[in-house]
Every structure is written in C-alpha cells, then in structure tokens.
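Heads up: the sequence lines are chains P and C, in that order. The first sequence: position 91 = 83 (this note's numbering), numbered continuously. The second sequence: position 144 = 136 (this note's numbering), numbered continuously. Idealized CB from N, CA, C, for every residue including glycine. Report on the structure given below.
2 protein chains.
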Amino acid sequence: MDYKKFLKQGNTMFLPNLSIDTVIIGNDKNVLKCLLLKMGNKWMLPGGYIKNDEDVDEAASNILKQRTGLKDPYLKFLAVFGDKNRQFKKLWQEFISDVNLEWEDDSWLNKRFVTLVYYSLVNIGDTHPTVGFFDETFGWFDFDDLPAMWMDHKSIALTAREKLKEDVQHDYNVYNLLPEVFTMPMLYQLHQNILGEEIDRSRFQKKMLASGLFERLPKVKKNTPGSNPFQYRVKKSL
Amino acid sequence: MDYKKFLKQGNTMFLPNLSIDTVIIGNDKNVLKCLLLKMGNKWMLPGGYIKNDEDVDEAASNILKQRTGLKDPYLKFLAVFGDKNRQFKKLWQEFISDVNLEWEDDSWLNKRFVTLVYYSLVNIGDTHPTVGFFDETFGWFDFDDLPAMWMDHKSIALTAREKLKEDVQHDYNVYNLLPEVFTMPMLYQLHQNILGEEIDRSRFQKKMLASGLFERLPKVKKNTPGSNPFQYRVKKSL
DNA sequence: ACAAAAGTGTTCAGCCTACACCCATGG
DNA sequence: CCATGGGTGTAGGCTGAACACTTTTGT
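Following this line, the structure appears as structure tokens:
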C-alpha cells in the first residue's frame, strides 16, 4: 500500500474512528527505551488501523511485526484512550502540507479517533525496525528523555512505562527484554531498572530460580574480573 | 431518544463500528448474578454506543447509570472484543422483523462491531434497573445458569466472571457487591462465593481488619442464634 | 595480592496456616 | 443447657529481609 491509497481509500479499508498504537519497549545498556517513528518534525508511536477483515488482535500483532521485524514478539493489551477531543485535524493538516501532499478537509484522518493501545517487550538486538511510508526514520528513546511527540503519544508511552513497573512485580515476563540466553546479573539489573530501586541480589536470585521458569546453561566466559555467571534461558513449556 | 431515531440516525450520532457492553455483577443470597435485558427471544448485556461528543469512559458510565439507576457505581474496564467476524446482521434482521419494524439491509447496526467491555459491581438491593426501548424486561441471572443470549454476550459475561475471581485476590473492591453497611460474615461469604472455595474464617477476618479499609460500627441485632456481629463500612478516604 | 563479580548461606522477624477456644444468643 | 454463629488466640512452619561469606576471575 502506498500513501496515496492510504489517504484516499483508507476510509473504505479500515474501521473508521479506530486506531491501534503500540508502545514497543526495549532495554539498552540498562536504560529502558521506546521505539518511535519520525513523521515530519515530531515523533510518534508505531501504530495503524484495523482492516475491515482483520481481528483487532491480529492488526496489533501485524503492526508490531512489521515495525520490529520480529516473528513472534510479546504483546499485551494496555488500555483504551477514548477522550471525546481526541482528534488531530490540525496536526494532520500541518504535516500534509509540510510534505506537499493535497490536504483534504474531510479526510477520514481528521475525525475523532479512539485508540487501542498495546505494549510489547522486545530485545533491541533482535529487532530490524522498518519505517512506514510517512516516516523518515526510527529511533529508540529513553523514557526519561522522550522527544516532542504527536498528539497524546507521550502520555500513552508513559502510561505503558508505569504499567510495566506494576507488572514486573507479579509477572516475570520481562525476560522478553533480554536476548534468548541471558545471565542472572542481567535479569537482576533489568528488574532494578524497571523498578527504579535497588533490590536484594541474593533474594532476587533465589526467587527467580525457585520460580522454575528458567533453565540453567553452562557458564559464559566473560573477560572482566569476577566469577563467570551461569547462563539461563526460559524453559520451553511442554 | 426513541427507537426510530436510533435506527435511522444512529449512524450520525454514534462512533461507527464501536459499541460498549457492561457486565453488571450483583450478589443475591450468596449467588453471583448478572443483570441482563430481554430483547426479543434472547437476553443481552446492557450496552450502547458512543456519542460523537462523548468520552468512551463517560459513555460506559452513562450506560451503567441508566440501566442500574445508581449514582456512582463501581466501574472497571475489562477487555476489547474485536474479532473480524463480530457482526450480527442476521440477528438484527430476525429481531427487527419479529417486532414489525422496517428492516434495512444497509443499516449501521449490520456492520462489524468492536466492543469495549466494562464490568461493574453493584449491590442489587440499591439498583432500580430500567429497560431500553428495545427491551421487554430485565432480569438477574446466576452466572452458572445464564439464558440464551445474543451474539457472543455469554462468553463476555463469563470472561468478566473469571476476571472477578482473579481480582478478588488482590483488590478488596468486592465490597461494592454488598450494602453500604455490612458484616464480616457477609464479606467472608462473598469472597468464598467468588472464589468458589473455602477460606479460613479467622485469617480472613484478620486480613480484612489489618487492611485498614473498614471502619467498625456497632453490632447488629439479628434474631438468629449466635453472637451479634459488628457492622462495618468502607472508610471514607480523606 | 587485591578488588570486583557471582553465587550461596545464615539469621531473625514477620506472616500465613490450621486449628482451638471463648463468648453471645435463640430455642 | 445446648447448638449455632461470631470473634479472637496460639503454636508451628514458611517466607522474606538484611547481611555475611566464599569462590572465581582479571589486573
């Protein structure tokens, strides 16, 4: 699909007034990052619309796969953003004229949109992001230092960041942010980064091992002082 | 709004392809019940559509207030149901002809709908349900004995029932199912009913009191054998 | 030899569990 | 005075918190 078809025929291809946004979270050198796309002079969350013959979940999953290049990324529903004023006619107008396209006052994009937000946890090293036809480039941004963003996307991203903080205490799913094979110190650092506070190393390790989720592999050879850590991966659940 | 306006002009008043459904849960004689409306020969969850100038949350809240007659009922988002096949043309056609209205093949109601589902916990005694213009009557149904229901409403209701079971272990919000003033034995029974298993009475009471959520009132005079229980109500949080 | 990193132990307090016990009330 | 229901107490076990200890490794 090219942008002309998107602008002209989007109203017939997609469910109207509904969008999907995804907050794609990665972890780089112990800083939590968020994948954003640059459109015009502002950044935005990867998102899209729901085709008439597509499940909502499917649409979210497709968007995520397209943008990250991953086969089966971890995906979870976050929230609905449905304010009555959630309408971005002015922003679209600015952008469309900036890129020298024909502005249409009654475009389907100018209407109010309810957006369904999902969030995803990925290992940045495994991703091969691709941009959409309106996007100049992509970038991974520290949650504490997000750039100027379209619409309400910044607050959506921060909502996901908060949700992750809540979730990490119950679920242990955050290993999705690491490579397939990782060490306990890596997982430990990650939990600390997400929570933003120190946790007891000994207790952490015992809790993780006791969970039975992880399978111990041979030690890695690292070239720094200190003992070599074991590697782990998630047990393939039968 | 009358049904003619609804059928003819719904497409201009509401966000298209989007609906809201609410699973309204009550507790009657230690059985969990669900408020349903009878439309034609089947029952359905109370629901509605989102006005163009209405927040999604507001719409859900309005639907809930209208149907229960309550001022400020407890409301929580449950899930999105967005299957591509979620379209009920045939059912609408049946119903519309059953009640001798004009069937229109291209009605906005015949399209695919994504529904945003909320669930609510109410004290049945406080409610004064009212029916909509398509509904014959309302009824409270045991979750284990739901009647024939429209579309996928039965599975939506059961999803809410499951969610409640999960939530009761973390949140203590289920007191919303009881009258404003209640006793510990009542709360204890309620938790047991939701979980479907016995829990230790002593421990339960201590946990609830330790939570600091409840304020002790004078004992009730009941006319059955055994000691009179204290009454409690939820502390007004400053 | 030393410092840093990784893994594991140890101790203590606090909480959960499973009962037991006591008191109030109606029949 | 007995059965029932409501409130609380208690002994044992388990878990979490805080910290200590040991081993491994590079410099």
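Does DSSP classify residue i as helix, strand or coil?
i	result
C/Pro121	coil
C/Gly39	strand
C/Met178	helix
P/Ser53	helix
P/Asn22	coil
P/Trp132	strand
P/Leu93	coil
P/Pro170	The sequence given here places Leu at residue 170 of chain P; Pro does not occur at that position. Coil.
C/Leu138	coil
P/Leu10	strand
P/Leu28	strand
What first and last residue would you give for the alpha helix (DSSP H) that runs through residue i?
i	result
P/Phe(-2)	Tyr(-5) to Met5
P/Ser194	Arg193 to Ser203
C/Thr151	His145 to Asp159
P/Trp84	Lys81 to Asp90
Against chain C, with Cβ distances strictly below 8 Å, would residue i count as a contact?
i	result
P/Leu108	yes
P/Phe80	no
P/Val23	no
P/Asn44	yes
P/Phe69	yes
P/Val15	no
P/Pro171	no
P/Val160	no
Near residue i, which residues of its chain fall below 6 Å by C-beta distance, leaving aside the five closest residues on each side in sequence?
i	result
C/Leu101	Trp84
P/Phe87	Gly32
P/Gly2	Trp100
C/Arg235	Outside the displayed span of chain C (-7 to 230) sits residue 235 of chain C, for which this structure offers no information.
P/Leu138	Lys146
P/Lys81	Asn102
C/Asn168	Tyr66 and Leu113
P/Phe130	Leu29, Pro121 and Val123
Would residue i count as contacting chain P if we go by Cβ distances under 8 Å?
i	result
C/Asp75	yes
C/Pro177	no
C/Asn9	yes
C/Arg104	yes
C/Asp47	yes
C/Val72	yes
Quick one: residues in its chain with C-beta nearer than 8 Å to the C-beta of residue i, no 5 flanking neighbours on either side, listed in chain order?
i	result
C/Arg195	none
P/Ser203	Tyr164
P/Tyr224	Val173, Phe174, Thr175, Met176, Leu179, Phe206, Glu207, Arg208 and Leu209
C/Gly74	Val106 and Thr107
C/Arg193	Tyr180
C/Lys76	Arg104
P/Ile116	Gly18, Asn19, Asp20, Lys25 and Trp132
C/Ile55	Ile12, Thr14, Pro38, Gly39 and Gly40
For residue i, which residues of its own chain have a beta-carbon under 7 Å away from its beta-carbon, when the five flanking residues on both sides are left out?
i	result
P/Met178	Leu170
C/Lys213	Asn220
C/Ile148	Asp13, Val15, Leu37, Phe73 and Val109
P/Lys43	Met5, Phe6 and Ala51
C/Tyr(-5)	Phe125 and Phe126
C/Lys187	Looking at the sequence itself, residue 187 of chain C is Leu, so the reference to Lys does not match. Excluding sequence neighbours, C/Leu187 sits near Lys157 and Val160.
Could you spell out the range, first to last residue, of the beta strand (DSSP E) harbouring residue i?
i	result
P/Lys213	Per DSSP, P/Lys213 belongs to no beta strand (DSSP E) and is neither H nor E.
P/Val106	Val106 to Leu113
P/Leu67	Tyr66 to Phe73
C/Tyr224	Phe222 to Val226
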